[in-house]
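**Q**
Residue numbers (our numbering), protein chains in the order written: chain A, 139 to 685; chain B, 139 to 685.
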């Protein structure tokens, strides 16, 4: 089989969710990229702000990259655009709302580079190099999301990013079933599909079910209602606005990203909120409590979010009041459960009532569950199936579902990021492995923390450090002064009081009586003494000067 | 009201689950203590092995403490006995199985002190000082668990520790409804009850529902079945043994705590496993795969557990084999979701099939859900209700349930650990606040890490450290050699290569040209340079010697 007629499918981005944050499609000398999002750090990724995919492979081939195609405006799909266009400044294709959200985000972050934005429409198509990219509407928890039909001479690939089959979505615009059937009739060589909820049986409830839950919250709340969600969960804003109008409350927005996104979505008519329902936050804070609903960020308990700060009593613009009802309108992202729980407890301690998705249906998932995933496969009837947007556990489950529907196990593909998959001669085979890793972003530095640094941090964090500064007289070979010892994160000051004198004695004995060759000898002796005394192993450093 | 006829109820143990790990009851000059368990550290408690309640209050009154009463043999109720009896060596009252598990644990840990164990029976009672303690059976996920009726001249308190109302428990011994009714007839002044599942509607399923799920796993498994759970989940062992017998497999146990506990429970007839069903692990490893089931620890993905080591390929005794089915028979403890997910992905990557409670009913909770909690309240008909065994969110929810059943809000009590509650003149009032905090245990050191140390660790972990050793010639006031710089957890070696020479130059300039007063000046200059360059703030240390 000639390698010329070969499409290479490349999921990028570490041991996280496969292909969620970035995928590349390479045909001959041309490449297109789908999405450029961020991941949030796991609990053991110490001191990391967020994570972007490693797109070194693309950087080295920057002149081959024709464009970046964005499926929807959530952080995990647009959050890394800023970094991407700094290295690979190609046109960015997005639907109107997605484009608006991207531009607002780049502006907020003061991005140096101006993105070359191209507006596309669900139902439309872009021909670029050997690629024809058809955009079709999918329902998700944000309006104007699309899936992609990608045609090259190697065949037709359907790239189904985040989606659900909501028959009654907030914006009234269901997934484009007709287009999926049309693809099926043309013959789909490979379907890639969102595996987020592959472990969840049944059908994800419609966004509509949230309405009655909000009604109940609004009806019962005697004071202010404060609703936290993601700033990009545009559909939820519509639902809160509807409930506000119904219950005679005014809605205010807190936080720049929330304010920005709603402004854009309203201007573009993706949000239908009458002017008289919205008031500026400053005005809301001076209104009667039962006349107000405030939307803000912090549904994951993030300490720097508004709800995080309210729970800690450190929010600048306003404080919690007795009688406030705080609604956390999202589901815990795995790993955030502990932080969210802590935040809930703190809000309760400050006298708020807290409504979360564990006790009321004030959130539904934006992702297809098993029955929807099966429906997609049966609508599209692909020759090959590749599960994306999940960790191995979800990907394998999703592949099992495909197999239950009759797709041959050898035609279902489960890979991890960095594993190239090739569509060649209407067959799918595994290609090479390229670096498909995380890049950690902290402050303004990108990628200068690696796993080695992280391991050191974890060592520092586990047991702390102990520094000993020793100064020896060259002639007499005796200490010029008592060893100076500093500890951090090792023992409490009280325990240090008994431990440090013993270490001083130990060093003294080594220098004056036992002798030693170099710093290492002292380090080892101190380490073994500390382990014997405390069963712990702090990092020990010795600085030795002879004069 | 005379303070003489006053019962003080004291929940101990930090901002965790109230009264879960330890409660004290103080009447006049006498104290009894209920349970002495451990908590596992939260993700932000860096380098902590486990946590015990702060019982300083009891230590100071050690001569007043009459006994320690244990409700059941789970770690969060018995794990701190070892530390408790080192300070307060009073008799420990427990039912036969609980006693056996405690003794085995003390023995395994090489405890120096011998516990003065007293065996009690469900249905029996102990009179000690002003206290009469009646033990009544409750069903839970371990046999031989009890609740306590505590009578003093101040009134009758029912202490309902972990329980569920399982009508078909594995050991065939349901909760003692008759005793609860008897208490109700006598008049219960205060009911304390387990709030773990206060956010869960309905009724917790019986342990019995696991049977069919295990049947399915055993029927479908082509290779070995490896079932991970807590070593103290004795009921689960019975269920696995039953499934093994039914499906013609032999059961082997891996790990000392699992082996110990099963040995004791079998000897005491709390487990009914025929000899021919159990084989030593060494023998199981040489049998045909489809003839074997192995029970071990690690259902929470703990890296040091057998499943944790199997997933990492570092288990000494045996490795995973292609075709193994690993069953994680427990529910993620909040905060462990990420670790468990990582473990599942690793097991899958090594070719195992993984069954967890997200995809099959191979675990049920051991704790009462809302309908059971309501039934308890209506059975006991207490004058006052205090929710225990939960964080604030569960406690408040549980109190709401009690209020729905007609208990006056002023008679429902929600407090946090360290807040004394007093039963006096048949009324319940809040007493003083005493230290009710965590004590962190690491290695062999108890309590020598405090929040200050933890904060330092978190700082170390966030940005790492940078040490600079400077040696200056006293006479010339010039550097005797280039500054030595060490970093850990700050930047990758490549980035250090460009950054460290700049810092050397900066120090050189300060020493030779600009001048400085002391180490602090250098530290500040370096810090501000690093922040400017990297937007990060490592801990900076300078050792300065002049010679």
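Glycine residues also receive a C-beta, built at the ideal position from the N, C-alpha and C atoms.
Going straight from the alpha carbon of residue 180(A) to that of residue 556(A), what length do you get?
**A** Looking up residue 180(A) in the first chain gives position 42. Looking up residue 556(A) in the first chain gives position 418. So the alpha carbons of these two residues sit roughly 20 Å apart.
**Q** Three or more beta-carbon pairs under 8 Å between the region 373–384 of chain A and the region 417–433 of chain A, yes or no?
**A** Segments in contact, yes.
**Q** Applying the criterion that 16 or more other CB atoms from any shown protein chain within 10 Å of the CB defines a buried residue, is residue 552(B) buried or exposed?
**A** Counting from 1 along the second chain, the entry for residue 552(B) is found at position 414. Burial call: buried.
**Q** Within 10 angstroms of its Cβ, does residue 548(B) collect 16 or more other Cβ (buried), or is it exposed?
**A** The sequence position of residue 548(B) within the second chain is 410, counting from 1. So residue 548(B) counts as exposed.
**Q** Restricting to Cα atoms, I'd like to know which of 218(B), 280(B), 625(B), 608(B) is closest to residue 617(B).
**A** Locating residue 617(B) in the second chain gives position 479, counting from the first residue. Among 218(B), 280(B), 625(B), 608(B), the Cα nearest to that of residue 617(B) belongs to 608(B).
**Q** Kindly confirm or deny that the region 163–172 of chain A and the region 261–273 of chain A touch, where touching means at least three C-beta pairs closer than 8 Å.
**A** Yes, the region 163–172 of chain A is in contact with the region 261–273 of chain A.
**Q** List the residues of chain B that residue 607(A) touches, going by C-beta distances under 8 Å, in chain order.
**A** Numbered from its first residue, the first chain carries residue 607(A) at position 469. Those within 8 Å of residue 607(A) in chain B are 607, 681, 683.
**Q** What did DSSP end up calling residue 265(B) once you bin it into helix, strand or coil?
**A** Here the question's residue 265(B) lines up with position 127 in the second chain. Looking at residue 265(B) - three-state DSSP - the assignment turns out to be strand.
**Q** With 8 Å as the threshold, decide whether the Cβ of residue 677(B) is near any Cβ in chain A.
**A** Here residue 677(B) refers to the residue found at position 539 of the second chain. Yes, because at least one Cβ of chain A sits closer than 8 Å to the Cβ of residue 677(B).
**Q** Looking only at its chain, what residues have a beta carbon closer than 7 Å to the beta carbon of residue 226(B), apart from the 5 residues adjacent to it on each side?
**A** Within the second chain, numbered from 1, the residue matching residue 226(B) stands at position 88. For residue 226(B), where only same-chain residues beyond five positions count, the Cβ hits under 7 Å are 196, 197, 200, 203.
**Q** The ligand SAH and residue 298(B): does the residue's C-beta get closer than 7 Å to at least one heavy atom of that ligand?
**A** Among the components of this structure there are no ligands whatsoever, and the ligand SAH is therefore not found.
**Q** Which residues mark the beginning and the end of the alpha helix (DSSP H) in which residue 374(A) is found?
**A** The residue labelled residue 374(A) in the question sits at position 236 within the first chain. Note, residue 374(A): alpha helix (DSSP H), 372–384.
**Q** Give the C-beta separation of residue 488(A) and residue 451(A) to the nearest angstrom, bearing in mind that I take them to be a contact with Cβ-Cβ under 8 Å.
**A** Position 350 of the first chain, counting from 1, holds the residue named residue 488(A). Position 313 of the first chain, counting from 1, holds the residue named residue 451(A). Contact flag correct, Cβ pair sits at about 7 Å.
**Q** Less than 8 Å separating the beta-carbons of residue 299(B) and residue 345(B)?
**A** Residue numbering aside, residue 299(B) sits at position 161 when the second chain is read from its first letter. Residue numbering aside, residue 345(B) sits at position 207 when the second chain is read from its first letter. Not a contact, by the Cβ cut-off of 8 Å.
**Q** Does DSSP put residue 622(A) in a helix, in a strand, or in coil?
**A** Against the first chain, residue 622(A) aligns to sequence position 484. Three-state result, residue 622(A): strand.
**Q** So is residue 491(B) buried or exposed if we call it buried at 16+ other beta carbons inside 10 Å?
**A** Stepping through the second chain from its first residue, residue 491(B) is reached at position 353. Classification of residue 491(B): buried, given that the 10 Å Cβ count is 16 or more.
**Q** With 8 Å as the threshold, decide whether the Cβ of residue 656(A) is near any Cβ in chain B.
**A** For this step, residue 656(A) is matched to residue 518 along the first chain. No, residue 656(A) does not count as interfacial toward chain B.
**Q** Just the chain B side, please: which residues come within less than 9 Å of residue 630(A) by C-beta, in chain order?
**A** As a working note, residue 630(A) is residue 492 in the first chain. The contacting residues are 585, 586, 587, 588, 590, 591.
**Q** With a floor of 3 residues, list each beta strand (DSSP E) that falls wholly inside the region 251–305 of chain B, ordered by position along the chain.
**A** Complete beta strand (DSSP E) runs here, min 3: 254–257, 263–266, 269–276, 283–290, 293–298.
**Q** In chain order, what residues of the region 168–191 of chain B put their CB closer than 7 Å to some CB of chain A?
**A** Cβ contacts with chain A come from 180, 181, 184, 185.
**Q** By the criterion of Cβ-Cβ separation under 7 Å, what are the contact partners of residue 641(A) in chain B?
**A** The sequence position of residue 641(A) within the first chain is 503, counting from 1. Per Cβ cutoff of 7 Å: no residues; residue 641(A) is ~15 Å from chain B at best.
**Q** Between 161(B), 278(B), 152(B), which lies nearest to residue 178(B) when the distance is taken from Cα to Cα?
**A** The count along the second chain starts at 1 and reaches residue 178(B) at position 40. Checking every option, the nearest Cα to that of residue 178(B) belongs to 152(B).
**Q** If we cut at 8 Å on Cβ distances, does residue 472(B) have a partner in chain A?
**A** One-based indexing of the second chain puts residue 472(B) at position 334. Yes, because at least one Cβ of chain A sits closer than 8 Å to the Cβ of residue 472(B).
**Q** Thinking C-alpha only, which one of 335(A), 326(A), 356(A) is nearest residue 564(A)?
**A** Along the first chain, one-based indexing puts residue 564(A) at 426. It is 326(A).
**Q** Counting pairs of beta carbons, one from the region 507–524 of chain B and one from the region 211–226 of chain A, are three or more of them closer than 8 Å?
**A** With a cut-off of 8 Å, the region 211–226 of chain A and the region 507–524 of chain B do not count as touching, because too few Cβ pairs lie within range.
**Q** Is it the case that the region 398–415 of chain B contacts the region 435–455 of chain B, given that we only count it when at least three CB pairs across the two stretches are under 8 Å?
**A** Contact fails: fewer than three Cβ-Cβ distances are below 8 Å.
**Q** Check residue 309(A) in the structure and name its three-state DSSP category.
**A** Taking the first residue of the first chain as 1, we reach residue 309(A) at position 171. Correct three-state label for residue 309(A): coil.
**Q** Please tell me whether residue 694(A) and residue 602(B) are closer than 8 Å, where the distance is taken between their beta carbons.
**A** Only positions 139 to 685 of chain A appear in this structure, which leaves residue 694(A) out of reach.
**Q** Residue 626(B) versus chain A: which residues are under 9 Å apart at the beta carbon?
**A** Reading the second chain from its first residue, position 488 is the one you call residue 626(B). By Cβ distance, chain A contributes 591, 594, 595, 597, 598, 603, 677, 679.
**Q** The beta strand (DSSP E) spanning residue 569(A) covers which residue range?
**A** Here residue 569(A) refers to the residue found at position 431 when the first chain is read from its first residue. 565–571 is the extent of the beta strand (DSSP E) around residue 569(A).
**Q** Output needed in chain order: residues of the region 340–354 of chain A with a Cβ under 9 Å from some Cβ in chain B.
**A** So the list is empty, because no residue satisfies the distance condition.
**Q** Determine the extent of the beta strand (DSSP E) in which residue 348(B) is found, giving its start and end residues.
**A** Start at 1 with the first residue of the second chain, and residue 348(B) comes out as number 210. Counting along the chain, residue 348(B) falls outside any beta strand (DSSP E), though it belongs to the alpha helix (DSSP H) covering 348–358.
**Q** Hey, could you find the ends of the alpha helix (DSSP H) residue 205(B) is sitting in?
**A** For this step, residue 205(B) is matched to residue 67 along the second chain. Segment 203–207 is the beta strand (DSSP E) holding residue 205(B); no alpha helix (DSSP H) there.
**Q** For residue 295(A), which residues in the same chain have their Cβ closer than 6 Å to its Cβ, ignoring the five residues on either side in sequence?
**A** The residue given as residue 295(A) occupies position 157 in the first chain. The residues are 288, 328.
**Q** Have a look at 224(B), 292(B), 333(B) and flag the residue whose alpha-carbon is nearest the alpha-carbon of residue 142(B).
**A** Numbered from its first residue, the second chain carries residue 142(B) at position 4. If we check each option's Cα against that of residue 142(B), 292(B) comes out closest.
**Q** Under DSSP, the beta strand (DSSP E) around residue 523(B) begins and ends at which residues?
**A** Looking up residue 523(B) in the second chain gives position 385. From DSSP, the beta strand (DSSP E) with residue 523(B) extends over 522–526.
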